[in-house]
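Residue numbers (our numbering): -17 to 293.
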């Protein structure tokens, strides 16, 4: 049991490490233009959503963009209301990674790691960043392969087996599992990757996987909330907005998990791709529905959390 859990923890670490290396390469290529884009192209919620989607797709991490946004709001470069559009965009942009890891490119993993490692040694910034992207992506696929190999032995552990069986019959439990795991490992993408491996091995049902995915959307808010500690009032309100938007979205669509499952099975026969498509559809629909309501949401958050001085 300890050996299986240890290997699983190692693969989680490899996944997060790969995400970090990939994000670093992508970020350095952009030459720190993300801050400028966020500050200059968020005049209205729609622009904020579009630039939030774009920047998150570049950084491959909604948490990283949220930490950046909270910092910009806290230092006065952005207003709280400007940040809401960005938040909507981050939820869409983060689905790019989940779609990416469903591609069957296992045979290219070793070349990606080798070429990436070699390119990292170059002094040229662009070539080095390209190496970071390849190496990071290779690490992500290595961890995904590891998750799939460990899914069966892990599910056979008595304590884990019981939780999985209950999750397959209780979507509410799946929601709590997704929230808890993501709050601990600080990566909704890693949580989604783990669930994909269980789906591919037919250990979890698709509705249970979707419930855990919904929980991951809530758990990922922890990062922004932690980043807001000690920041200005507007910075804290931005973190609260991220949490409330995700919670409202999950609560609204939680009763429709079976409908999402039906739609996904009609789009593709591959379980991991089904979950990725659900994540994409869910986040796009949530953001589009919330877009016209950003002003009401801002007023709600200010009233609930106190923000008399908010601009």
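Virtual Cβ for every residue (Gly too), placed ideally from N, Cα, C.
- Between the segment 111 to 125 and the segment 144 to 160 there are fewer than three inter-stretch CB-CB distances shorter than 8 angstroms, so the stretches are not counted as touching.
- When Cβ pairs closer than 8 angstroms are counted between the two stretches, the segment 169 to 182 is seen to touch the segment 235 to 254, the count reaching three or more.
- Judged by DSSP in its simplified three-state form, residue 239 adopts helix.
- Residue burial is scored here from C-beta neighbours: residue 116 has at least 16 other C-beta atoms within 10 angstroms and is therefore classed as buried.
- The C-beta of residue 274 has fewer than 16 other C-beta atoms within 10 Å across all chains shown, which makes the residue exposed.
- Residue range 27 to 41 is occupied by the alpha helix (DSSP H) that includes residue 30.
- Nearest Cα to residue 193 within the set 173, 203, 206: 173.
- Note on residue 182: 16 or more other CB atoms within 10 angstroms of its CB, so buried under the neighbour-count rule.
- One thing to note: residue 272 has its Cβ no nearer than 8 angstroms to the Cβ of residue 262.
- A Cβ-Cβ distance of about 7 angstroms is found for the pair residue 29 and residue 67, placing them in contact under the 8 angstroms criterion.
- Taking 8 angstroms as the cut-off, the beta carbon of residue 190 is found closer than this to the beta carbon of residue 149.
- The DSSP assignment places no complete beta strand (DSSP E) segment of no fewer than 3 residues inside the segment 134 to 161.
- Excluding five sequence positions before and after residue 249, the CB atoms of its chain that fall closer than 6 angstroms to its own CB belong to 259, given in chain order.
- Put simply, of 210, 205, 242 the residue whose alpha carbon is nearest the alpha carbon of residue 195 is 242.
- With fewer than 16 other Cβ atoms from the protein chains shown falling within 10 Å of its own Cβ, residue -9 counts as exposed.
- Residue 199 counts as buried, since no fewer than 16 other beta carbons sit within 10 angstroms of its beta carbon.
- Residue environment analysis places residue 7 among the buried positions, since at least 16 neighbouring C-beta atoms fall within 10 angstroms of its C-beta.
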